[in-house]
Amino acid sequence: MDQFPASQMILGGIFLLCVVTTVAGALIAALTARIIRSVCGLAICCIGLAGLYYFLHSPFLALMEILIYVGAVCVTIVFAVMLAEPDEPVRDENFGSTLVWGGLALLVSAAIFWGLWRLGAHQDWTAPTTRLSDGSISAIGKSLLTTYSMAFELISLALLVAIVGALAIARTGRTKDIVQVVGQASRLSGGRPALGLDAGETPGPAGETPAPLPAQLGTKS
Amino acid sequence: MTPLPINDRPEMYLTVAALLLAIGIYGLLRRRTLIGMLISGELIFSAASLNFMAFNRFKAPDPTVGQVFVLFIMGLAAAEIAIALSIIIAVYRNYRSVKTRELSELNG
């Protein structure tokens, strides 16, 4: 380290870059009006956070942060953005109350930041004298399968229940619409099933010329 | 005694975590769509994870504990995102909107 005195400066520069990336991404995520930019801000914030995890001596969690947050969570939110239209609406109330409520929210968050910063920065954080393990990936794997095996199994169960529950919730209200639309289409086309879609649910003989399906399947009739 | 390098000071990480929490709470208070509030909630999750990792690095005698905890936070956050987004999609099918002001059917 003493042979290259500039290496510490380079390290500090990369660390500051990670901090700036995290904070800027969080600001983009919280302040922009269009939701898709907000999702991109969340991705930038998570990349910076992965760099901070790397500086905290855990490259495994840095990798997991990029894999789970940037690769899974942001992409899932982008899918929901495509299915809904979640852009921020134009504020309809008058300017004064917007200013008051915005100032109140800013005050609350600034007070929380000030309190936490004061609590964290003015303490004397003494390092522990003994280390029980080195915190490497093999140590994490051993503790996951010995000490925390119960929580490990429980979180797999929670993920399974979440997947099944998400499928069940997102599916309701959809099949009925399709059956209604198909029923209307078969009624319009004189009892013939539409396009052979759901042939078991629409009565009547198999049509020789399939009727065109209505354009919007998802809209409520 | 030379001062610690900037990436070995715990207060740097704690300050960034406090800033993330403050930004997340501000977004949670100011957003008017469900997906925007969800993203702000993710920022709060990240703040908690960063706090855990900082204390794990600088205070804990066993450095695996915080890493395992943050791994569980990530898993639960992924499950929460899946459930919340499916609820948002179901709400959008029923109301044709995810703006929080218009979801007022129970408002007497």
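So the protein lines, in turn, are chains A and B.
Each residue of the first sequence is one higher than the one before, starting from 715 at the first, in this note's numbering.
Each residue of the second sequence is one higher than the one before, starting from -5 at the first, in this note's numbering.
All C-beta atoms in this analysis are idealised placements derived from N, C-alpha and C, irrespective of residue type, glycine included.
Counting along the chain, B:Pro(-1) sits inside no alpha helix (DSSP H), nor does DSSP assign it H or E at all. Where A:Leu871 is concerned, the enclosing alpha helix (DSSP H) starts and stops at Ser863 to Arg885.
When the Cα atoms are used, B:Glu5 and B:Arg87 turn out to be separated by approximately 46 angstroms.
Scanning its chain for C-beta atoms nearer than 6 angstroms, with the 5 sequence neighbours on each side dropped, one finds no residue around A:Ser857. With a cut-off of 8 angstroms on Cβ pairs, the region 745 to 755 of chain A is in contact with the region 15 to 30 of chain B, counting three or more such pairs. B:Thr27 has B:Lys93 as its beta-bridge partners, per DSSP.
Taken through DSSP and simplified to helix, strand or coil, A:Ser847 comes out as coil.
Counting C-beta atoms within 10 angstroms of its own C-beta, B:Tyr20 has 16 or more neighbours from the protein chains shown and is therefore classed as buried.
Straight through space, the alpha carbons of A:Ala884 and A:Ala841 are spaced by roughly 49 angstroms. Minimum Cα-Cα distance from B:Lys53 among the listed residues A:Gln837, A:Thr860, A:Leu741 and A:Val737 corresponds to A:Gln837. In the structure shown, the three-state DSSP call for A:Trp839 is coil. The three-state reading of DSSP puts A:Arg748 in coil, since its state is none of H, G, I, E or B.
8 angstroms or more divides the Cβ of B:Phe46 from the Cβ of B:Phe66. Under the Cβ criterion of 8 angstroms, A:Ile883 is counted among the residues facing chain B. Residues of chain B whose Cβ lies closer than 7 angstroms to the Cβ of A:Leu873 are, in chain order, Gly69 and Ala73.
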